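Visitor: Positions 210 to 688 (my numbering) are the ones given, in order, by the sequence shown.
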Amino acid sequence: MIDGKIAVANNTIWKQKTRTMTRTIRNLALTVSLGASVISAEAQEGKGLIVRDVNVGFVAKGSMNDRTAFRSSLPAVVLSQRPVPTKPNDTVPQPLGVITFEGTPTDRVDILLEYDQSARLLARWPHIDSRSTRALWRRMDLVRATDPPSTPFPTTSWLNPLRNADRLAIKQEQRVDKLIAYDLSLKATTSIELEAAPTGYKARNIGPAVIHDVMVYRPSGNGKFRAAYAQELPGLGKAAATTATAEPAPGDTPPGAATAVVVAPANPAGLLARLLVGNVATQAAPEQPTPAGEKPAATVAPASNTPQHDVTWASEDRTREELIADWEPRLTALGLGAVEVAHVQSILRAHAFDKDSARVVFRLDAATIETLAPLEVSPAPDRLNRVWLVIFDGADPEIKTRITTLIAQLGDLSYSKRMEAKAQLLKLGPTAIPQLAAEKENKDPEIAFRIEEILEAVQNPGADPPVDGVQAEAIFFDN
Numbered sequence: 210m211i212d213g214k215i216a217v218a219n220n221t222i223w224k225q226k227t228r229t230m231t232r233t234i235r236n237l238a239l240t241v242s243l244g245a246s247v248i249s250a251e252a253q254e255g256k257g258l259i260v261r262d263v264n265v266g267f268v269a270k271g272s273m274n275d276r277t278a279f280r281s282s283l284p285a286v287v288l289s290q291r292p293v294p295t296k297p298n299d300t301v302p303q304p305l306g307v308i309t310f311e312g313t314p315t316d317r318v319d320i321l322l323e324y325d326q327s328a329r330l331l332a333r334w335p336h337i338d339s340r341s342t343r344a345l346w347r348r349m350d351l352v353r354a355t356d357p358p359s360t361p362f363p364t365t366s367w368l369n370p371l372r373n374a375d376r377l378a379i380k381q382e383q384r385v386d387k388l389i390a391y392d393l394s395l396k397a398t399t400s401i402e403l404e405a406a407p408t409g410y411k412a413r414n415i416g417p418a419v420i421h422d423v424m425v426y427r428p429s430g431n432g433k434f435r436a437a438y439a440q441e442l443p444g445l446g447k448a449a450a451t452t453a454t455a456e457p458a459p460g461d462t463p464p465g466a467a468t469a470v471v472v473a474p475a476n477p478a479g480l481l482a483r484l485l486v487g488n489v490a491t492q493a494a495p496e497q498p499t500p501a502g503e504k505p506a507a508t509v510a511p512a513s514n515t516p517q518h519d520v521t522w523a524s525e526d527r528t529r530e531e532l533i534a535d536w537e538p539r540l541t542a543l544g545l546g547a548v549e550v551a552h553v554q555s556i557l558r559a560h561a562f563d564k565d566s567a568r569v570v571f572r573l574d575a576a577t578i579e580t581l582a583p584l585e586v587s588p589a590p591d592r593l594n595r596v597w598l599v600i601f602d603g604a605d606p607e608i609k610t611r612i613t614t615l616i617a618q619l620g621d622l623s624y625s626k627r628m629e630a631k632a633q634l635l636k637l638g639p640t641a642i643p644q645l646a647a648e649k650e651n652k653d654p655e656i657a658f659r660i661e662e663i664l665e666a667v668q669n670p671g672a673d674p675p676v677d678g679v680q681a682e683a684i685f686f687d688n
């Protein structure tokens, strides 16, 4: 009996060490690949397997893709855990991650996406049995197929262009599809603060890592926006970027825009070799405990001590479509195909622009992506491109003033004015929660009551909020 318990304990320890070794060697491989500026000739000629992981996240209230930040527009068959609108609209894109395959057909491919226990996988396609810290798509055959996907989506679904694209098909038993999709909610690693400046904005990156291609879209009226741009914003850690740079692609790319490609290193020895090397690396560089009596080094500095960086105006007032078009050469230079670029642009079109306040869009560093959600493809592809963009809401220096005004309007004598303010605060959603929570004990009982309603609706979404904030009974109350 004791021997059995010891065997179980040893097996558990071995599994923990294996996961640690795997992560260590993956990070080592990533570091090596980031230093490479040349893609294999086979991949450049269109041969070999190319895997692209493309994700667009929406950050508000310190969380990326929080369950309450937006409603699901995925087909019902995907079984999303997000709230569903009363009248589903599958034509409107939602922030989402997708993985596509191009190049040489390959048999028995495994895709492992890992994340920590604070994350939540709210949807995945094709369906798999996921665990609390990982999602594994096993034994997929990547083939050239002209047959449509085996599970049809509605004809109006915004995902159909990806499913009909010229990409390798994923074949699992009798199922066929063209993509892997995942809706992952994570803790945001970066927070941004903006201050208005004559040349654009002064920005603080209150996060540990550098971010790239920082765009601020400020509404200017008449359906137009003005964009401010910075090539990168250093984090509180090392300021140097970890991605390889290359010549920018031709097109309307802001001056100084950098490009990056993550190249999958050759790995003929397979998983065992990676584990062995990881074990050596782990033993060679053990973690050093903090000496007694000393405090660990702080990882986050106060915002007031964080250096500011210029985000300068990149253009005059332009339409949404013109600004979205600027991303095409940038994303193409990062290794995305036309299909993946169009996918990213569709999400930006729906979520990166707000008519009342500025929103920020930036690209995560490759090392940050690997830390948030390590991705392992086996057998290793010739090229692996991981491009994650983030839409950040709440950085506008004017938004706090706007929320304060709306909270005061909740106590207006006019019922329709109160409902209008409530609707606007519901629309702001998680962005408004910190200020709303601070006013829960407001001396005006009407304001306190409305705040309680809003917090309940945002944190436990049910029916759709009113669109214009004016309900039928307002006529009765106002008269």
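A virtual CB, placed ideally from N, CA and C, is assigned to each residue, including glycine.
Predicted model only: the values in this text are computed from it and were never measured.
1) DSSP three-state label for Thr-640, please.
2) Under a three-way DSSP split, which group does Ser-701 fall into?
3) Given 8 angstroms as the limit, is there contact between the region 541-559 and the region 573-581, that is, 3 or more CB pairs closer than that?
4) Is the CB-CB distance between Leu-403 and Ile-420 below 8 angstroms?
5) What residue from Ser-341, Ala-561, Trp-367 and Ile-379 has the CA that sits closest to Gly-355's CA?
6) Grab the span of the beta strand (DSSP E) containing Thr-521 for me, first residue to last.
7) Tell me the DSSP bridge mates of Ala-269?
8) Could you name the residues of the same chain whose beta carbon sits closer than 6 angstroms to that of Leu-619, not counting the 5 residues immediately before and after it, in chain order?
9) Leaving out the 5 sequence neighbours to the left and right, which residues in its chain are closer than 7 angstroms to Pro-314 when beta-carbon positions are compared?
10) If you draw a straight line from the C-alpha of Thr-528 to the C-alpha of Arg-568, how long is it?
11) Are the CB atoms of Lys-649 and Glu-662 nearer to each other than 8 angstroms?
12) Following the continuous beta strand (DSSP E) through Ala-405, name the residue where it begins and the one where it ends.
13) I want to know whether the region 395-402 touches the region 525-545 - three or more CB-CB distances under 8 angstroms.
14) Between which residues of its own chain and Pro-297 is the CB-CB distance below 6 angstroms, once the five residues before and five after are set aside?
15) Can Arg-572 and Asp-392 be called in contact, C-beta distance under 8 angstroms?
16) To test your reading of the DSSP string, which unbroken beta strand (DSSP E) runs of 3 or more residues are found completely within the region 554-614?
17) In angstroms with no decimal places, state the Cα-to-Cα distance between His-518 and Ala-418.
18) If we call anything under 8 angstroms between Cβ atoms a contact, is Leu-634 one with Leu-645?
19) To the nearest angstrom, how far is the alpha carbon of Ser-289 from that of Met-349?
20) State buried or exposed for Asn-264, treating a residue as buried only when at least 16 other CB atoms are found within 10 Å of its CB.
21) Roughly how many angstroms lie between the CA atoms of Ala-269 and Val-385, to the nearest whole one?
22) Quick check on Ser-327: buried or exposed, where buried means 16 or more other Cβ atoms within 10 Å of its Cβ?
23) Roughly how many angstroms separate the alpha carbons of Val-286 and Phe-362, rounded to a whole number?
24) Would you mind reading off the limits of the alpha helix (DSSP H) that contains Trp-367?
Guide: In short:
1) In this structure, Thr-640 counts as helix in the three-state DSSP scheme.
2) The structure shown does not extend to residue 701, since the chain is modelled only from 210 to 688, so the question has no answer here.
3) The region 541-559 vs the region 573-581: no contact.
4) Against a cut-off of 8 angstroms, the Cβ pair of Ile-420 and Leu-403 comes out as no contact.
5) What sits at residue 355 in the sequence shown is Thr, not Gly. When each option's Cα is compared against that of Thr-355, the closest is Ile-379.
6) Here the beta strand (DSSP E) through Thr-521 covers 518-522.
7) Under DSSP, Ala-269 forms a beta bridge with Ser-272.
8) Once the five neighbours on either side are set aside, the close Cβ partners of Leu-619 are Arg-627, Ala-630, Ile-656 and Arg-659.
9) Here the set comprises Leu-351, Val-352, Arg-353 and Leu-377.
10) So the two alpha carbons sit approximately 15 angstroms from each other.
11) With a cutoff of 8 angstroms on beta-carbon distance, Lys-649 and Glu-662 are scored as not near each other.
12) It spans 401-406 - the beta strand (DSSP E) in which Ala-405 sits, taken as one unbroken run.
13) At 8 angstroms Cβ cutoff, the stretches do not touch.
14) Shown here for Pro-297: not one same chain residue has a beta carbon closer than 6 angstroms to its own, the five before and five after excluded.
15) Note that the C-beta distance between Arg-572 and Asp-392 is not below 8 angstroms.
16) Taking only runs of at least 3 residues, the beta strand (DSSP E) segments lying wholly in the region 554-614 are 568-573, 584-587 and 592-601.
17) Cα to Cα, the separation comes out at about 14 angstroms.
18) Yes, the Cβ-Cβ distance between Leu-634 and Leu-645 is below 8 angstroms.
19) Distance between Ser-289 and Met-349, taken at the CA atoms: about 23 angstroms.
20) With 16 or more other Cβ atoms within 10 Å, it is buried.
21) About 35 angstroms.
22) Around the C-beta of Ser-327, fewer than 16 other C-beta atoms lie within 10 Å, and the residue is accordingly described as exposed.
23) About 8 angstroms.
24) Note, Trp-367: premise wrong, no alpha helix (DSSP H); not H, not E.
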